[in-house]
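K.L.:
Before we start, here is the structure in question, set down as structure tokens.
Residue numbers (my numbering): -13 to 268.
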């Protein structure tokens, strides 16, 4: 595994608080927001927020009996199929919704940097990912450096300039809709989320990856923590990953398997059980 230091430190450091993603007023984003109005999702692998609903104005945590609780104060629809909840200056979550609205992938984030396609770049909607973003240069900056990103078709190139440009190539894998994932040797996790119109990208430092599905389509897998060796939250996520795999959602299942392995790295017996259970994804 290639070390992601020092260049990733330049990429994410010097942010005194978590940047709030910009609410997009694009017609396509507004259409998405309308499409999820009143949908109730069951979230999987989360600690406390288990059910979520948007009523066309606010996003609510929902009780196990289906009652809306106090709405979240700060939310934004940041792209087609993606919304954000901000919990504090240092804690927020992005929610990636599948095209058919059946599935949702929440991620807790602790840092973010917004990028735009380099001036003069021909912008086209992203239909085939990541092929449609190959060789597009994304430019951004934080308080310490100018930043550039590029997917060259095989690797993600990351550049940071203080006195001079430092460039590093790292492995990346498709993790979700319009999302590339990169990992650090220290267990850190990063997602590059690209906008549907191809004009913007956001670099996210990921703390946790969760799952979710329509409340009307409950999960089926039911292995216990005693059998898997996982914590109750991770066991719930593993059962969801099994349901995803059985329904043909291999990409999302593989993303959750990597998260399960990352969170279980210190437990060899648990890792062995996970890899046996999800052998078809290895």
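We put the beta carbon where it would ideally sit given N, CA and C, even for glycine.
Tell me which same chain residues have a C-beta within less than 7 Å of the C-beta of residue 212, skipping the five on either side of it?
P.N.:
Excluding residues within five positions, none has a Cβ falling inside 7 Å.
K.L.:
Please list the segments of the alpha helix (DSSP H) lying wholly inside the segment -2 to 52, counting only runs of 4 or more residues, in order along the chain.
P.N.:
As far as the segment -2 to 52 is concerned, its whole alpha helix (DSSP H) runs of at least 4 residues are 13 to 21.
K.L.:
Rounding to the nearest angstrom, what Cα-Cα distance links residue 87 and residue 263 in this structure?
P.N.:
Approximately 27 Å, taken between the alpha carbons.
K.L.:
Compare the beta carbon distance of residue 56 and residue 46 with 9 Å and say whether it is the shorter of the two.
P.N.:
Contact flag set, yes.
K.L.:
Could you tell me whether the Cβ atoms of residue 158 and residue 142 are closer together than 9 Å?
P.N.:
Yes. Within cutoff.
K.L.:
Where does residue 227 fall in DSSP's three states?
P.N.:
Helix at residue 227.
K.L.:
Look up residue 247 in the DSSP assignment and say whether it is helix, strand or coil.
P.N.:
Three-state result, residue 247: helix.
K.L.:
For residue 257, which three-state DSSP category applies?
P.N.:
Correct three-state label for residue 257: helix.
K.L.:
One question on the structure: do residue 132 and residue 189 come within less than 9 Å of each other, judged by their Cβ atoms?
P.N.:
No; because the gap between Cβ atoms is not below 9 Å, this pair is not in contact.
K.L.:
Quick one: is residue 167 buried, meaning 16 or more other Cβ sit within 10 Å of its Cβ, or exposed?
P.N.:
Buried: at least 16 other Cβ atoms inside 10 Å.
K.L.:
In the segment 140 to 216, which residue ranges form an unbroken alpha helix (DSSP H) of at least 4 residues, counting only runs that do not cross its ends?
P.N.:
Runs found: 211 to 214.
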